[in-house]
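In the working numbering, the protein residues as written are 116 to 404.
We put the beta carbon where it would ideally sit given N, CA and C, even for glycine.
This report refers to the structure that appears directly beneath it.
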């Protein structure tokens, strides 16, 4: 009798364990595939940035209501994703890449913090996310090796990030463009995915690849920039035009290098607003709100 009782108790225990496993599997199957990420408001990020380099002038008020989360895309490297205010996380959004081509050590020396924590990059990311697209800002150790890993991460995690990596807009300023320009050239890693690009007072070398001609490009020139830099950019523009690129060249005659954060004027704010509208038009076919 005792033997039978022990046997049935063990049998019942096995049955109960199996039932629990089946139930847990069922719960997992019923769980939402793409749960909403844990985010914080853009106002929180904007409130704790390092302002060695200031916030962008003309930052839309809605930037404070954007939603942001941080991810590790490879060991030692980070990407922050910004989503629009009131986004319901119910669809995939085109993505604006606030391009960081400089090594993180250099970014920190210039901005006082890594790009995802620096006022310049955070404010442009939050601004871009007010256009209706998502935005991303990253750290890199070496752009040539880290950007491919970033792209792989974005593609692999696109559902959980609610982004569409096949619809990208590149925003690059100063020295951030040259290290990643090859990605946007014909046959480059991002060729075919880019829907538009904006280059702000970009530093160009004679070896900087020209982007493919399959998308519109905004080139913003600060007229008071270094004379050598201006000469190189004019040559770069001619190369892009010869390649068939559709260009919108914006010349701010009185603008200094990094005018968008160091030179508050009606023209600065208008240029920033027009860039945000250009992002929206390229990615969504609409103007930024």
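Endpoints, beta strand (DSSP E) assigned at residue i
i, result
"residue 286", "278-288"
"residue 209", "208-213"
"residue 376", "No beta strand (DSSP E) holds residue 376; the alpha helix (DSSP H) holding it covers 374-377."
"residue 296", "Neither: residue 296 is in no beta strand (DSSP E) and is coded neither H nor E."
"residue 249", "249-253"
Reference residue i; option with closest CA among the options
i, options, result
"residue 190", "400, 367, 366, 261", "261"
"residue 244", "165, 193, 286", "286"
"residue 192", "307, 258, 282, 280", "258"
"residue 327", "320, 307, 339, 235", "307"
"residue 216", "334, 250, 290", "290"
"residue 167", "397, 373, 149, 154", "373"
"residue 338", "294, 369, 361, 349", "369"
"residue 200", "234, 179, 186, 206", "179"
"residue 160", "304, 233, 384", "233"
"residue 332", "355, 323, 340", "355"
"residue 361", "195, 341, 397, 340", "397"
"residue 207", "277, 249, 251, 188", "277"
"residue 322", "399, 305, 295", "295"
"residue 264", "197, 399, 304, 375", "304"
Three-state secondary structure assigned by DSSP to residue i
i, result
"residue 390", "helix"
"residue 273", "helix"
"residue 180", "helix"
"residue 195", "strand"
"residue 336", "strand"
"residue 401", "coil"
"residue 140", "The predicted model places residue 140 with a pLDDT of 39, which falls under 50 and marks its position as unreliable; any figure quoted below should be read in that light. Helix."
"residue 168", "coil"
"residue 189", "strand"
"residue 345", "helix"
"residue 366", "strand"
"residue 156", "strand"
"residue 385", "helix"
"residue 147", "Residue placement at residue 147 is flagged as unreliable, the pLDDT there being 49, under the threshold of 50; the coordinate-derived value follows with that caveat. Of the three classes helix, strand and coil, the one that applies to residue 147 here is coil, per DSSP."
"residue 396", "helix"
"residue 246", "helix"
"residue 268", "helix"
"residue 350", "helix"
"residue 174", "coil"
"residue 425", "The first residue shown for the chain is 116 and the last is 404, placing residue 425 beyond what the model contains."
"residue 318", "coil"
"residue 256", "coil"
"residue 304", "coil"
"residue 162", "helix"
"residue 262", "helix"
"residue 200", "coil"
"residue 324", "coil"
"residue 132", "Here the model assigns residue 132 a pLDDT of 46, short of 50, so the residue's position is not dependable, and the following value carries that caveat. Helix."
Chain B within 8 Å of residue i, Cβ atoms only
i, result
"residue 223", "Judged by its chain identifiers, the structure shown contains no chain B, having just a single protein chain."
Endpoints, the alpha helix (DSSP H) within which residue i is located
i, result
"residue 310", "Residue 310 -> not in any alpha helix (DSSP H); beta strand (DSSP E) instead, spanning 309-315."
"residue 222", "219-226"
"residue 243", "234-243"
Own chain residues within Cβ distance below 8 Å of residue i, not counting five before or after
i, result
"residue 89", "Nothing about residue 89 can be reported from this structure: the residues present for the chain run from 116 to 404 only."
"residue 229", "193, 219, 222, 223, 254"
"residue 309", "283, 284, 285, 299, 326, 327, 329, 330"
"residue 320", "293, 347"
"residue 226", "165, 167, 168, 233, 234, 235, 236"
"residue 365", "333, 334, 335, 336, 386, 389"
"residue 401", "247, 395"
Proximal residues to residue i (C-beta, below 7 Å), its chain only, five neighbours per side dropped
i, result
"residue 379", "172"
Close beta carbons around residue i, own chain, < 6 Å, minus the five adjacent residues each side
i, result
"residue 288", "315"
"residue 269", "280"
"residue 390", "313"
"residue 149", "274, 275"
"residue 238", "170, 171, 174"
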